[in-house]
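Position one of the sequence shown corresponds to residue 11 (my numbering), numbered consecutively onward. Think of the CB as a built atom: it goes at the ideal place given N, C-alpha and C, for glycine as much as any other residue. All remarks here apply to the structure that follows.
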Amino acid sequence: MSHEADFVIVGGGSAGCTLAARLTEDPSVKVVLIEAGSRDTSPYIHLPVTYYKTTGPKFTWGYHTAPQANQDGITAPFAQARVLGGGSSVNAQIYMRGIPRDYDDWRDVYGCDGWGYSDVLPFFVTAENNDRLSEPLHGTEGPLKVSDQAYTHPLTRAWLKACQQMGMPYNGDFNSGDPSGCGLYQVTNRAGRRSSAANAYLHPVENRANLTVLTDAHVTRVVFEGKRATGIELRRGTVLSTISAGSEVILSAGAIGTPHLLQRSGIGPAGWLKDAGIDVLHHSGEVGANLQDHLDVFLIHELTGIESYDKYKKPHWQAWAGLQFALFGTGPVTSNVVEGGAFWWVDKNDPYPDVQFHFLAGAGVEAGIPSVPSGNGCTLNAYLVRPKSRGTVKPGSNGQGPIIDPNFLSDSYDLKRTVDAVKLSRKIMEQPAISGFLSREHFPGTKTASDAELEDFVRKQARTGYHPVGTCRMGSDEKSVVDTCLRVRGVEGLRVVDNSVMPRLVSANTNATAIMIGERAARFIRGNR
């Protein structure tokens, strides 16, 4: 098999699908989009309520972290999507952008000229098709369907009242620039169907003559002539082949896949590459460095007097919900489960909220998080939105997969404030609006009370929030991996377009930002042409 294209995009995730659709708007541009995983045909992907069934090995890489030095050596699952649509096909569909300061700091602190909030906002707006909100902060004509929730569990509404009783105002738009308070998340689904980047951007244009989409195709390396990227080598089954790129190779494989592919192609810290037996094409000291992620901590409660989504684990209730959806397009099948949210402070010296909450009217919904013995529970998770710890993605030896070390809690500030987030979570759950529905705290349990016990709980039980970024940092300095137009420094014809280019993690879920980066990159590339 041999293909030739102007642009070869490696990774059919949120940014990759966006970029492929935008570039092929020009009929003179030929694009090949390559995804290592399968097509997104499973109903578990498209029905909002079943997102939790997509984080297993069928749709992810099955990664685990390296033993965590600051978490008693635990090795935790680290799910990264391996399916067309990438993270947008397996996430909980929450539409969040972060705060204006995130992007202004990209510009002012990290030297990313052209990436301040006023620069990126038009690309969020261009991408968005919102069913309630409009200009100037929201879009109504874009491909990505953003909606209010079609169904919200009564327990979620009780939790929102509890947040207000604790002192949080109600916030009707977390993306207004001020996320403080509690509210219902807007979601990337509509009419009971997920709006992934594949559904929103790629599938409507997949019949374009200038677009080829290859799935189940694993890219093994970038091909170079000298220091110019000229294509990629890929494997489908046992067959190796190459695809030539006349203009650029674009890596959109995410904050784990992209640095790993660069490293396997000889671009990265020379010492790491030599240790892994990889010939060095170009020493780039920060490829795979600067890994950032939200560290999630979970509280599980057993319920009384109300039934959560847990009841739909029983076959007859599943059938009932399925019938309601089939006949009327309504009911719990249309819920993303992660319905309630809030942003608040655990560090009062921070001018912006520094902790984010997700409330789920169910327990054991996410992998590795316990259910309750009665089969009727709820979950409240929390994480610091701007953690200080930094980790790495290193190449494995002998062609093995990436060594993922988020290095969680390496900064003592993160441990202290995550403990504070647990305390704040408990304060919310003590409020009258919801406490009457709680029979007991199942996890970690009220016996975990002292600061030392809570620190031990955080170290042993906190886990990824599925928001890795930063491993191919963008910047204006020579140490940055890519420049502010996302071109890889030190080589030619190679660009990175995904969340790995973030110099710092945004203060929220990251899918919307990945799509914005895809939109922004398309403008750069079309401008160059």
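N-terminal and C-terminal residue of the beta strand (DSSP E) that F234 is part of: Reading the sequence shown from its first residue, position 224 is the one you call residue 234. First-last of the beta strand (DSSP E) with F234: H228 to E235.
Rounded C-alpha distance that separates G126 from M512: Your numbering for residue 126 matches position 116 in the sequence shown. Your numbering for residue 512 matches position 502 in the sequence shown. Using only the alpha carbons, I get a separation of about 12 Å.
Cβ neighbours of N181 in the same chain (closer than 6 Å, five flanking residues each side left out): Position 171 of the sequence shown, counted from the first residue, corresponds to residue 181. Within its own chain, the residues whose Cβ lies closer than 6 Å to the Cβ of N181, once the five positions on either side in sequence are excluded, are G191 and G193, listed in chain order.
Beta-carbon spacing of F418, T314 below 9 Å: Counting from one through the sequence shown, the residue named residue 418 turns up at place 408. Counting from one through the sequence shown, the residue named residue 314 turns up at place 304. The answer is no: Cβ separation not under 9 Å.
First through last residue of the alpha helix (DSSP H) which encompasses A462: On the sequence shown, residue 462 is found 452 positions in, with the first residue counted as 1. Unbroken alpha helix (DSSP H) run through A462: D461 to Q471.
Whether I550 touches F367 by CB criterion (9 Å): This structure leaves residue 550 out entirely; the chain is present only between 11 and 539.
Whole-angstrom distance between F134 and R107, CA atom to CA atom: Position 97 of the sequence shown holds residue 107. Position 124 of the sequence shown holds residue 134. Answer to the nearest angstrom: the Cα atoms are 8 Å apart.
Collapsed DSSP secondary structure at I242 in the structure displayed: Position 232 of the sequence shown holds residue 242. Here I242 sits in strand by DSSP.
N139, enclosing beta strand (DSSP E) - first and last residue: For the purposes of this step, residue 139 is identified with residue 129 of the sequence shown, where counting begins at 1. Counting along the chain, the unbroken beta strand (DSSP E) around N139 starts and ends at E138 to N140.
Three-state secondary structure (DSSP) of V135: Your numbering for residue 135 matches position 125 in the sequence shown. V135: helix per DSSP, three-state reduction.
Beta-carbon proximity check, N386 vs E312, cutoff 9 Å: Locating residue 386 in the sequence shown gives position 376, counting from the first residue. Locating residue 312 in the sequence shown gives position 302, counting from the first residue. Contact flag set, yes.
Whether I55 touches Y62 by CB criterion (9 Å): Counting from 1 along the sequence shown, the entry for residue 55 is found at position 45. Counting from 1 along the sequence shown, the entry for residue 62 is found at position 52. The criterion of a C-beta distance shorter than 9 Å is not satisfied by I55 and Y62.
For N199, the three-state DSSP class (helix, strand or coil): Here the question's residue 199 lines up with position 189 in the sequence shown. Looking at N199 - three-state DSSP - the assignment turns out to be strand.
Span separating the alpha-carbon of V100 from that of V18: Residue 100 sits at position 90 when you count from the first residue of the sequence shown. Residue 18 sits at position 8 when you count from the first residue of the sequence shown. Each residue's alpha carbon lies about 24 Å from the other.
Counted within 10 angstroms of its Cβ, other Cβ atoms place S460 as buried (16 or more) or exposed: If you number the sequence shown from 1, residue 460 lands on position 450. The residue in question, S460, is exposed, as its Cβ has fewer than 16 Cβ neighbours within 10 Å.
Sequence ranges, alpha helix (DSSP H) only - wholly within the segment 311-398, length at least 4: Entirely contained in the segment 311-398, the alpha helix (DSSP H) runs reaching 4 residues are, in chain order, 325-338.
Residue range of the alpha helix (DSSP H) that includes T166: Taking the sequence shown and counting its residues from 1, one reaches residue 166 at position 156. Its alpha helix (DSSP H) spans residues P164 to M176.
Beta carbon of T389 nearer than 9 Å to that of L309: Stepping through the sequence shown from its first residue, residue 389 is reached at position 379. Stepping through the sequence shown from its first residue, residue 309 is reached at position 299. Contact: yes.
Helix, strand or coil at K284 [DSSP, three-state]: The residue you call residue 284 lines up with position 274 of the sequence shown. The answer is helix: DSSP assigns K284 an H, G or I state.
Between the CA atoms of S407 and V498 - distance to the nearest angstrom: As a position in the sequence shown, residue 498 is number 488, starting the count at 1. As a position in the sequence shown, residue 407 is number 397, starting the count at 1. Whole-angstrom Cα-Cα distance: 24 Å.
Under 9 Å between C-beta atoms of V479 and T520: Position 469 of the sequence shown, counted from the start, is the residue given in the question as residue 479. Position 510 of the sequence shown, counted from the start, is the residue given in the question as residue 520. Annotated as proximal: V479 and T520, with beta-carbon spacing under 9 Å.
Close beta carbons around I414, own chain, < 7 Å, minus the five adjacent residues each side: For this step, residue 414 is matched to residue 404 along the sequence shown. If the five residues before and after I414 are omitted, its C-beta is found closer than 7 Å to the C-beta atoms of Y73, T75, A76, F88, I266 and V403, all from its own chain and listed in chain order.
Secondary structure of L266, DSSP reduced to three states: Residue 266 sits at position 256 when you count from the first residue of the sequence shown. The question names Leu, but residue 266 is Ile in the sequence shown. Looking at I266 - three-state DSSP - the assignment turns out to be helix.
Rounded distance between the beta-carbons of V375 and V347, thought under 8 Å: Residue numbering aside, residue 347 sits at position 337 when the sequence shown is read from its first letter. Residue numbering aside, residue 375 sits at position 365 when the sequence shown is read from its first letter. Confirmed, about 6 Å.
As assigned by DSSP and simplified to three states, the class of L272: If you number the sequence shown from 1, residue 272 lands on position 262. In the structure shown, L272 sits in a helix (DSSP, three-state: H, G or I).
Simplified DSSP state of M11, which is helix, strand or coil: On the sequence shown, position 1 is the one that residue 11 refers to. Confidence in M11 is poor, its pLDDT being 47 and thus under 50, which makes the residue's placement too unreliable to answer from.
Nearest-angstrom Cβ-Cβ length linking H304 and Y393, presumed shorter than 8 Å: Along the sequence shown, one-based indexing puts residue 304 at 294. Along the sequence shown, one-based indexing puts residue 393 at 383. About 4 Å; that satisfies the 8 Å criterion.
Ordered list of alpha helix (DSSP H) runs contained in the segment 54-133, each at least 4 residues: You should have 110-118.
Sufficient close CB pairs (3 or more, under 8 Å) joining the segment 32-39 to the segment 268-279: No, they do not touch.
Residue environment, T494, which counts as buried when at least 16 other CB atoms sit within 10 Å: Position 484 of the sequence shown, counted from the first residue, corresponds to residue 494. Buried: at least 16 other Cβ atoms inside 10 Å.
Length-filtered (3 minimum) beta strand (DSSP E) runs lying within the segment 430-454: Counting only runs of 3 or more, we get 448-453.
Beta bridge counterpart(s) of D303 as assigned by DSSP: Indexing the sequence shown from 1 puts residue 303 at position 293. Its beta-bridge partners do not exist; DSSP assigns none.
DSSP beta-bridge partners of S206: What you label residue 206 is simply residue 196 of the sequence shown in a count that begins at 1. Partner(s): none; S206 has no beta bridge.
Three-state secondary structure assigned by DSSP to S409: If you number the sequence shown from 1, residue 409 lands on position 399. Residue 409 is actually Gly in this sequence, not Ser. Reduced to three states, the DSSP call for G409 is helix.
Contact the segment 333-344 vs the segment 201-209: 3+ CB pairs below 8 Å: Yes, the segment 333-344 touches the segment 201-209.
Beta-carbon spacing of R117, D129 below 9 Å: Walking along the sequence shown from the start, residue 117 turns up at place 107. Walking along the sequence shown from the start, residue 129 turns up at place 119. A contact, by the Cβ cut-off of 9 Å.
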